[in-house]
Amino acid sequence: MITIGSIPFFHSFGMTCVMNGALSLGMQMILFPRPPTDDLLCETINKLDAPQGIMYTGVEMLFKRLTEFVDSVGVEKFKEKYDFWKKLKYCTSGAGPLHDYVRVPFEEIFCPIRVGYGLTETSPIHSVAPFWGPTKTGKLGLPMPGADWAIFDSENFEAGPICDGTKEKGGFGPDNIGEICIAGPHVMMGYLGTQKEQEDNLKMWNGQRWLLTGDIGFMDEQGWVEIMDRKKSLIKVSGHSVFPKEVEELLGHHEMIDEVAVAGLPDEMTGEAVKAWITLKKGFKAGKDIESETLKEWARENMAKWKSPKYIEFVRKLPVSMTGKVQRRELQEKDMAKLDEGKEIKG
Numbered sequence: 019m020i021t022i023g024s025i026p027f028f029h030s031f032g033m034t035c036v037m038n039g040a041l042s043l044g045m046q047m048i049l050f051p052r053p054p055t056d057d058l059l060c061e062t063i064n065k066l067d068a069p070q071g072i073m074y075t076g077v078e079m080l081f082k083r084l085t086e087f088v089d090s091v092g093v094e095k096f097k098e099k100y101d102f103w104k105k106l107k108y109c110t111s112g113a114g115p116l117h118d119y120v121r122v123p124f125e126e127i128f129c130p131i132r133v134g135y136g137l138t139e140t141s142p143i144h145s146v147a148p149f150w151g152p153t154k155t156g157k158l159g160l161p162m163p164g165a166d167w168a169i170f171d172s173e174n175f176e177a178g179p180i181c182d183g184t185k186e187k188g189g190f191g192p193d194n195i196g197e198i199c200i201a202g203p204h205v206m207m208g209y210l211g212t213q214k215e216q217e218d219n220l221k222m223w224n225g226q227r228w229l230l231t232g233d234i235g236f237m238d239e240q241g242w243v244e245i246m247d248r249k250k251s252l253i254k255v256s257g258h259s260v261f262p263k264e265v266e267e268l269l270g271h272h273e274m275i276d277e278v279a280v281a282g283l284p285d286e287m288t289g290e291a292v293k294a295w296i297t298l299k300k301g302f303k304a305g306k307d308i309e310s311e312t313l314k315e316w317a318r319e320n321m322a323k324w325k326s327p328k329y330i331e332f333v334r335k336l337p338v339s340m341t342g343k344v345q346r347r348e349l350q351e352k353d354m355a356k357l358d359e360g361k362e363i364k365g
C-alpha cells in the first residue's frame, strides 16, 4: 500500500493521518513539499507500482482540484492517459467540511471519500468513517477505540448530555442540536498557561473529562455524528440560526459557482446578515454572465428567506490556510474593519 502525502507534517492532520498512519501500517510514502499540480500528481501515480492500491489524504480543496483537472481533460481522455483512477482505492478528508458539491463528482470518477474528525486537542483523530462496509453521507464516522462523544447543551453542561448514543437517553436527530463533546485517553491534559480557556473547554461529567469542541452537531441512533458548523460561525438572523456550511452547500449547487465562503455581518434590522464570497467557474464572468442581484433571487427561491445572503461579493479567489482550508474569518474581518470605518459593504 502506498500513501500520497501533500499536507505539511507540522500540522497535526498531516503528521498523524499521513506520516504516523503510514509508519504504523508499514506503508510506502510518496511526499510532496506542497500540494502538487494535478498533472504532476497524476504523472507520479502513473509510474507507481501499487498492486494494493493508493491512499490519498487531503482537504476539500485538493479533491475539488483533481475533479476539475479531469473535467478540463475530459473523463474519457483522462482514463486513457492515466490509470490513477484505477489505483486510487482509499481517500480520507479532514481539517474542514466536505461539501456534497465536491464529494459527489469526485466519487463518480474515483473512489469514496471517508470523512474523519478530530482536533489538535484530541491527538488529533477522534473518529473516521470505516473504509469497508456502508457509510453515511455527511457524517463524521465512528469514534476510535476507547474514545467517546456526546451532544451537550454547552450553556447547561452540568445537566448532562442531550444525546449520548443510548436508546435510554434518546435525543437523536437534527431536532436535538448541541455542542459536540469528546472524552477519552486521547484528550489533552490542558492548555499551558491559559486557565480560563481550560476551564471553559474542559469539564467533568459522570467521572470523565470532556472536551467542548466548539462544533455544533447532532447524533443519530447508530452513534454517527453530523457537524453543522463551528459554534463561533453561527449566524443569528432575526432569531433564526443559520449555519454557514449549509448555505455554502446550497449555493455550491449553482451551475456557475466554483467556490463559496459564508459568514455573518452585523445588521441593524436583523441582528446579523448573511454574506457570501463567491468565485465563478472558468468561462463565467461576474457582471456579464451573472449579477449579484440575480444570484440573490436564485438563493431566495432555493432556501429559506433568513438563510439567503443579503450580500454577495464576487472575488478572484478565496483565502486558504497552509492546509488548504478556506479562511472565512479573514474575509469577515476585512468587512468588519470597513464597517468600523463607516464604509459600505460590497454586494
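For the sequence shown, my numbering gives the first residue as 19, with consecutive numbering after it.
Even for Gly, the Cβ is constructed at its ideal location relative to N, Cα and C.
Applying the criterion that 16 or more other CB atoms from any shown protein chain within 10 Å of the CB defines a buried residue, is Met340 buried or exposed?
That one is exposed.
One question on the structure: do Leu158 and Glu286 come within less than 8 Å of each other, judged by their Cβ atoms?
Cβ distance not < 8 Å, so Leu158 and Glu286 don't count as in contact.
Is the Cβ-Cβ distance between Gly134 and Val77 less than 8 Å?
It is not a contact, given that the beta carbons lie outside the stated cut-off.
Quick check on DSSP: helix, strand or coil for Met37?
DSSP, reduced to helix, strand and coil, places Met37 within a helical segment of the structure shown.
With DSSP as the reference, label Asp166 as helix, strand or coil.
In the three-state reduction of the DSSP assignment, Asp166 falls in the strand class.
Hey, how far is the Cα of Glu394 from the Cα of Lys99?
This structure leaves residue 394 out entirely; the chain is present only between 19 and 365.
Mind checking Phe28: buried by the 16 CB within 10 Å criterion, or exposed?
In this structure Phe28 is exposed. Its beta-carbon is surrounded by fewer than 16 other beta-carbon atoms within 10 angstroms.
Reference Asn64, options Tyr74, Lys352, Gln70 and Asp101, closest by Cα
If we check each option's Cα against that of Asn64, Asp101 comes out closest.
Can you check the segment 118-144 for any alpha helix (DSSP H) of at least 4 residues that lies completely inside it and give the ranges in chain order?
Listed in chain order, the complete alpha helix (DSSP H) runs (minimum 4 residues) inside the segment 118-144 are 118-127.
Using alpha carbons as the reference points, say which of Gln240, Glu273, Asp276 and Val292 lies closest to Val260.
Of Gln240, Glu273, Asp276 and Val292, the residue nearest in Cα terms is Val292.
I think Gly191 touches Asp238, with their Cβ atoms under 8 Å apart; what is that distance to the nearest whole Å?
Indeed, because the Cβ distance is near 7 Å, the residues count as touching under 8 Å.
So what does DSSP say about Ser90, is it helix, strand or coil?
Of the three classes helix, strand and coil, the one that applies to Ser90 here is helix, per DSSP.
In angstroms, rounded to a whole number, what distance separates the CA positions of Leu137 and Gln46?
Approximately 26 Å, taken between the alpha carbons.
Suppose you measure from the CA of Phe175 to the CA of Met222; what does that come to, to the nearest Å?
If you take the alpha carbons of Phe175 and Met222, they lie about 9 Å apart.
4 or more residues per run - each alpha helix (DSSP H) lying fully within the segment 241-309:
As far as the segment 241-309 is concerned, its whole alpha helix (DSSP H) runs of at least 4 residues are 262-269.
Residue range of the beta strand (DSSP E) that includes Arg227:
That run of the beta strand (DSSP E) goes Gln226 to Met237.
Say whether the segment 302-321 touches the segment 348-355, bearing in mind that this needs 3 or more beta-carbon pairs closer than 8 Å, one atom from each stretch.
Taking 8 Å as the limit for Cβ pairs, the verdict is that the segment 348-355 does not touch the segment 302-321.
Taking only three categories from DSSP, how would you classify Ser111?
Strand, per DSSP.
Considering only their Cβ atoms, is the gap separating Pro284 from Arg346 smaller than 8 Å?
By the CB criterion at 8 Å, Arg346 and Pro284 fall outside the cutoff.
Whole-Å CB distance - Lys325 paired with Glu264, under 8 Å assumed:
Contact annotation, Lys325 with Glu264: C-beta distance approximately 7 Å; criterion of less than 8 Å satisfied.
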